[in-house]
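There are 2 protein chains.
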Amino acid sequence: MRTVVPFDPRDPKSRLAEFFADAEERRGFAYAMLADVLGAVRDAGGDPVVVATAPVSRPVDAPVTVDDRALSTAVAAAIADGPLPTAVVMADLALATPDAIRRVFAASGDVVLAPGSGGGTNVVLARTADVPVSYHGVSFRDHVTAAERAGLTVTTVDSFRLAADVDDASDLVDVFVHNTRRTREWLIAGGWRLAVDDGTPTVVREPND
Amino acid sequence: MRTVVPFDPRDPKSRLAEFFADAEERRGFAYAMLADVLGAVRDAGGDPVVVATAPVSRPVDAPVTVDDRALSTAVAAAIADGPLPTAVVMADLALATPDAIRRVFAASGDVVLAPGSGGGTNVVLARTADVPVSYHGVSFRDHVTAAERAGLTVTTVDSFRLAADVDDASDLVDVFVHNTRRTREWLIAGGWRLAVDDGTPTVVREPND
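Which chain is which? The protein sequence lines are A and B, in order.
Note that the numbering used here gives residue 196 to position 196 of the first sequence, counting from 1, and the numbers run on in steps of one.
Note that the numbering used here gives residue 1113 to position 113 of the second sequence, counting from 1, and the numbers run on in steps of one.
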């Protein structure tokens, strides 16, 4: 299944700015997550296509098209332009596995949604071109409401691995615990490790030897 | 299936202290979530049993036993004491649905685990009495490792609804978006509502009229 993966190669994961040494390192992290998402999509039988807000500066193992419009606009255009069904999977789902993505591909409904934590929407599968797309605000609720208003059937996939987008430092704990691809290794190579601080897991960085 | 729900009636959800007016209101919130979890367990075909750290001060729709030991100790004892299989479901899983809990009950394996966000473990299903239990630190990783060392088969249920424990104010957004039982109504009755602040969903409180 055609699977669009929106990606911001310029200033990705800005809420993690303090966690990384500089923007270039932060971009490296974003590219590692992107590679994992593309691999999981492909292993699930999907054909990933990256829709980037700017030309990519590193190798990406999928066709890349550039669309510098807002996320919702670019995604709606990608759905309208392409063959159906089309899935849309966020580029920061570092916990995504082929099994989790297969559950999306296999779900019925005009629209299949996987919620993201914090009211968001991390995966949209569109089986018709007129699926309303809006990632602003409480997007999961809005996607459900808009799709039902349009007379479309909606199915939800209840997946932690698809809900856990990596937005802030606390999310990195789950990357360490649950990622089995490149992102975890990338963090380890950079000197990060999982620690427990007063009973609470956290990710800390130690100088490389 | 016998389902143990550990509950702290004295100082629950202490990380939400600043969100509520006082400890009594915070307890009210915890009891609302507990009621939702018990309802979801029962609707999934489970028989809930509350294991509380102290006597409960409000009506609870399930048998209550008091065990004031540490969480891991009390849960291990509850598994060892009771008929098998026994499931253990955290009391703050306000997003839990019967469907999500049924997936746990239906999963095979000596041990079935549902991860909690941040490295935790939110559901344990034990089919043997010697399932190692430790909620400290990176408990999901530790549960998997300890069970495999003990020669037990481990199955994981990938569920956002079971991963999303309610620990801090940002988690309340998901209660508003995804809870369909008592907790959301409890928040609304208390004057809280979902708002969008600069594109980011948040939960705010407004004075009651």
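All C-beta atoms in this analysis are idealised placements derived from N, C-alpha and C, irrespective of residue type, glycine included.
Could you tell me whether any Cβ in chain B is nearer than 7 Å to the Cβ of residue i?
i: His-143(A); result: no
i: Ala-163(A); result: yes
i: Asp-8(A); result: no
i: Pro-201(A); result: yes
i: Val-138(A); result: yes
i: Phe-105(A); result: no
i: Pro-59(A); result: no
i: Val-196(A); result: yes
i: Val-177(A); result: yes
i: Pro-132(A); result: no
i: Pro-115(A); result: yes
How many angstroms separate the CA atom of residue i from the CA atom of residue j?
i: Val-123(A); j: Thr-86(A); result: 11 Å
i: Arg-1102(B); j: Thr-121(A); result: 24 Å
i: Ser-1057(B); j: Arg-1042(B); result: 22 Å
i: Trp-1186(B); j: Val-1166(B); result: 14 Å
i: Thr-145(A); j: Glu-1025(B); result: 32 Å
i: Ala-1094(B); j: Val-37(A); result: 29 Å
i: Ala-54(A); j: Ala-70(A); result: 12 Å
i: Gly-1046(B); j: Thr-1183(B); result: 20 Å
i: Asp-1130(B); j: Ala-1080(B); result: 7 Å
i: Thr-1202(B); j: Leu-1162(B); result: 21 Å
i: Ser-134(A); j: Ser-72(A); result: 5 Å
i: Leu-152(A); j: Gly-109(A); result: 8 Å
i: Ala-23(A); j: Ala-17(A); result: 7 Å
i: Thr-215(A); j: Val-138(A); result: Because chain A spans 1 through 209 in this model, residue 215(A) falls outside it and cannot be assessed.
i: Asp-198(A); j: Val-1066(B); result: 26 Å
i: Ala-1091(B); j: Asp-68(A); result: 45 Å
i: Glu-148(A); j: Val-154(A); result: 7 Å
i: Phe-29(A); j: Pro-83(A); result: 31 Å
i: Ala-74(A); j: Pro-12(A); result: 16 Å
i: His-136(A); j: Ala-1040(B); result: 31 Å
i: Ala-164(A); j: Asp-171(A); result: 7 Å
i: Leu-1194(B); j: Ala-76(A); result: 26 Å
i: Pro-59(A); j: Val-1088(B); result: 45 Å
i: Gly-190(A); j: Asp-1061(B); result: 50 Å
i: Asp-1196(B); j: Phe-140(A); result: Looking at the sequence provided, one finds Val at residue 1196(B) rather than Asp. Spanning the two alpha carbons is a distance of roughly 13 Å.
i: Ala-32(A); j: Pro-1048(B); result: 43 Å
i: Ala-169(A); j: Ala-106(A); result: 32 Å
i: Phe-1019(B); j: Ala-150(A); result: 37 Å
Could you confirm whether any beta carbon from chain A is found closer than 7 Å to the beta carbon of residue i?
i: Gly-1119(B); result: yes
i: Asp-1158(B); result: yes
i: Val-1173(B); result: yes
i: Pro-1085(B); result: no
i: Pro-1055(B); result: no
Could you tell me if residue i is buried or exposed, where buried requires 16 or more neighbouring beta carbons within 10 angstroms of its beta carbon?
i: His-1215(B); result: Outside the modelled stretch of chain B, which goes from 1001 to 1209, sits residue 1215(B), for which no answer is possible.
i: Val-5(A); result: buried
i: His-178(A); result: buried
i: Ile-188(A); result: exposed
i: Ser-14(A); result: exposed
i: Ser-1159(B); result: buried
i: Gly-1116(B); result: buried
i: Thr-1156(B); result: buried
i: Pro-1009(B); result: buried
i: Val-1050(B); result: buried
i: Gly-119(A); result: buried
i: Thr-97(A); result: buried
i: Val-112(A); result: buried
i: Pro-63(A); result: exposed
i: Arg-27(A); result: buried
i: Asp-1211(B); result: Look at the range of chain B in this structure, 1001 to 1209, and you will see that residue 1211(B) is not part of it.
Answer yes or no: does any C-beta atom of chain D fall closer than 7 Å to that of residue i?
i: Pro-98(A); result: Going by chain labels, chain D is absent from the structure shown, which instead holds the protein chains A and B.
On the DSSP bridge list, what partners appear for residue i?
i: Pro-6(A); result: Val-51(A)
i: Val-204(A); result: Arg-193(A)
Task: Segments of 3+ residues assigned as beta strand (DSSP E) that fall wholly inside the stretch 17-92 of chain A - done: 47-52, 64-66 and 86-89
Open item on the list: Could you tell me which whole alpha helix (DSSP H) segments of length 4 or greater appear in the stretch 1079-1167 of chain B?
Closed with: 1098-1106, 1139-1149 and 1160-1163
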